[in-house]
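Worksheet: the structure to be examined is printed underneath.
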Amino acid sequence: MRSFEELVAEGAAVPTDGWDFSWFEGRASEARPSWRYAESLAGRLARAEAALDVQTGGGEVLDFALGRAAPAVPARTVATEGWPPNLARATALLQPRGVTVVGAPEDAPLPFPDASFDLVSSRHPVRPDWAEIVRVLRPGGTYFAQHVGPASVFELTEFFLGPRPEEARRGRDPEGERAAAEAAGLEVVELRAERLRMEFHDIAAVVHFLRKVVWIVPDFTVERYASRLRELDERIRAEGSFTAHSTRHLFDARRAERG
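Below you can see the structure in the form of structure tokens.
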């Protein structure tokens, strides 16, 4: 294995735009949820007339799903994204498929009229705005999404930050999100949750992951956490990997036909 310094420099240099995780091949792994979100989304898109993908990232998941759904794709498909590098990437990827990509901050109202879409989807939204989701859905329309669950990858978070308070562990609780969705006017048809094994096989993978998935260690920089990175590098070399667990839940919810 290469030196600590070489690996850290590599992990710090890899671009972080988009949600393509192919760089991690052979260096880190994560089990995937049994419901196969992108493939399931393809089936929903094949039956939709007007679809909106919220916080699409670099557009990779929507692009895959539309490819699987073709030729039966929605007559109108729109995606939103707020981070400029991802917005540019999603536009380049999705416009050739006929998708309209709209720049929209994640904490702002959705820039669409009421009842615009019969399908709203999102993979790993930062924070679902249930009122806005209900507003842009047509009566009888569906919200279909995969969310990050509570205490996801907390083994890595706590390695760098120490034990987290109990309220942090309870954030993104699927039952809490169910209650919020129902209060906004959605009927939750299905809610499934899974805890999934992750393994990091070198420190470059850790560095790149923490730069890319910024909420795991919000103040992460190589310089700030140099000593902990070196300690983790030694542990990975001795044990072969660092194990963590992601949490995910699948939302399938429906707006009432009336109201």
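Using full-length UniProt numbering, the letters of the sequence shown correspond one by one to residues 1 to 259.
For each residue, glycine too, the CB sits at the ideal point set by N, CA and C.
All values reported here derive from a predicted model rather than from experimental measurement.
Where residue i falls, given that 16 or more other Cβ within 10 Å makes a residue buried
i	result
G98	exposed
R89	buried
D219	exposed
V214	exposed
P111	exposed
S246	buried
D107	exposed
P128	buried
V101	buried
E177	buried
S227	exposed
V126	exposed
E166	exposed
Cβ shell of residue i (< 6 Å), same chain only, five flanking positions each side left out
i	result
L52	V78, F117 and V120
H124	V148
T56	L62, A79, E81 and A90
R135	D114
E10	A204
R138	A115 and D118
P15	none
H249	H147, G149, P174 and A193
H208	G11 and V14
P105	G82
Near the ligand NAD: residue i beta-carbon under 7 Å from a heavy atom
i	result
R211	As presented, the structure is devoid of all ligands, the ligand NAD included, so that no description of it is given.
Member of the options whose CA lies at the smallest distance from the CA of residue i
i	options	result
A183	E6, I216 and W130	W130
G162	V126, I216, D202 and K212	I216
R68	S29, G58, V222 and R47	R47
R254	V206, V188 and R237	V188
L66	S40, W83 and E167	S40
R258	K212, G140, F160 and R178	G140
F154	R178, A244 and P174	A244
R44	A72, A180 and P84	A72
S152	D173, F4, R224 and R178	D173
Under 8 Å between C-beta atoms of residue i and residue j
i	j	result
A75	F200	no
E206	A12	Reading off the sequence shown, one finds Val at residue 206, where the question assumed Glu. Contact flag unset, no.
F251	L191	yes
L196	A31	yes
Spatial neighbours of residue i in its chain, beta-carbon cut-off 7 Å, leaving aside the 5 residues before and after
i	result
G58	D17, G18, W19, D20, N86, R89, A90 and L93
D202	M1, L7, R27 and I236
- prompt: Quick one: complete alpha helix (DSSP H) runs, 4+ long, within the region 142 to 225?
  reply: 154 to 161, 166 to 170, 174 to 184 and 203 to 212, all fully within the region 142 to 225.
message: Report the start-end ranges of each alpha helix (DSSP H) in the region 69 to 115 that is 4 residues or longer and not cut off at the edges.
response: 84 to 94, all fully within the region 69 to 115.
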